[in-house]
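Peer 1: Yeah, the sequence shown ends on 659 if you go by our numbering, and it's all consecutive.
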Amino acid sequence: MRMRKKKHGEERIQACAELLIEDPAVLKDDPAVAFSDKSRKLCLEIGCGKGNFAVGTAAKDTDCNLIAMERARDVCCLALEKAMACKENRPDNLRFIIGDADNLEEWFPEKCLDILYLNFSDPWPKAGHAKRRLTHRNYLAKYKKLLKDGGLLIFKTDNVGLFDFSLEEFAEFGLKVEWMTRDLHNSERAEGNVMTEYEKNFSEKGFTINSAIVRF
Ligand code: SAH
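1) Could you tell me if A584 is buried or exposed, where buried requires 16 or more neighbouring beta carbons within 10 angstroms of its beta carbon?
2) DSSP three-state label for T624, please.
3) By the DSSP assignment, the alpha helix (DSSP H) with A501 in it spans what residues?
4) In the DSSP assignment, the alpha helix (DSSP H) including E634 goes from what residue to what residue?
5) For F608 and W567, I'd like the C-alpha separation in whole angstroms.
6) For E611, I'd like the list of residues in its chain whose CB is within less than 8 Å of its CB, leaving aside the five on either flank, ordered along the chain.
7) Please check the pair I541 and E513, which I expect to be a contact at CB under 8 Å, by giving their CB distance rounded to whole angstroms.
8) What did DSSP end up calling G594 once you bin it into helix, strand or coil?
9) To the nearest angstrom, report how far apart L521 and D543 are at their CA atoms.
10) With a threshold of 7 Å on Cβ separation, who are the neighbours of G452 within its own chain once the five nearest residues in sequence on each side are excluded?
11) Using CA coordinates, which residue listed in L596, L462 and S654 is at the minimum distance from H628?
12) Mapping the DSSP letters down to three states, classify A458 as helix, strand or coil.
Laid out in structure tokens, this is it:
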């Protein structure tokens, strides 16, 4: 998701500082350092976009601490502002990182995550770009280090090519697909599903949503 550089971008991000983990290196010693209740499950969303899923999931799953990661500063700014706008009930279980999934192992200690969310990750359709897909086996290897044994990857995409590729990668990596659908909104998991911005867009255009839950 590309956006023109926002005016006053840094000031706007600073205004949301209480929800931002400015230096993710602090997570290595204590991945729950930003949360008041450290006993909750720890979840990570990679590529949170404008934050609809993160804000909705944090409000719904109050037994989880959620870290939402987004590499595009301007986009993360919008997600931060969305979370800050929850005035009555500013989430104490949601924090953000501006950063790239490529740095996950530098920032997170091993076996710390209960759930990893990937929502509408960039499909990188050219075969030569397969390694950039966030479900490529090289990324699965990183996730395996970070997820607790038995931890879950919960994945949604409109993109059939990316979904099929991902199922192959999961199988290749020896992972068990616990549940999957090619039409999430007409499945038993439709209720309680928190929509992302892309999901709303694509489903309004008539695309069905693919989803898989994979156990590590
Ligand atoms: N999850 C949102 C946005 C999907 S677009 C939604 O469903 O509406 C994919 C997002 O992932 C973009 O905002 C992009 O900047 C981010 N992204 C892509 N690769 C990333 C990476 N390696 N690390 C962190 N964020 C990434």
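Even for Gly, the Cβ is constructed at its ideal location relative to N, Cα and C. Small disclaimer: the values here were computed from a predicted structure and weren't measured.
Peer 2: This is what the structure holds:
1) Using a 10 angstroms sphere on the CB of A584, the tally of other CB atoms stays under 16, which defines it as exposed.
2) Under the three-state reduction of DSSP output, T624 falls in the strand class.
3) N495 to K503 is the extent of the alpha helix (DSSP H) around A501.
4) Premise fails: E634 is in no alpha helix (DSSP H) and is neither H nor E.
5) Per the coordinates, the alpha-carbon of F608 lies some 11 Å from the alpha-carbon of W567.
6) Closer than 8 Å at Cβ, skipping near neighbours: no residue.
7) Right, the Cβ-Cβ distance comes to about 6 Å (below 8 Å), so this counts as a contact.
8) Note: G594 maps to strand in three-state DSSP.
9) Going from the Cα of L521 to the Cα of D543 covers about 17 Å.
10) Once the five neighbours on either side are set aside, the close Cβ partners of G452 are R516, D517 and C520.
11) Comparing Cα-Cα distances from H628 to each of L596, L462 and S654, the minimum goes to S654.
12) Of the three classes helix, strand and coil, the one that applies to A458 here is coil, per DSSP.
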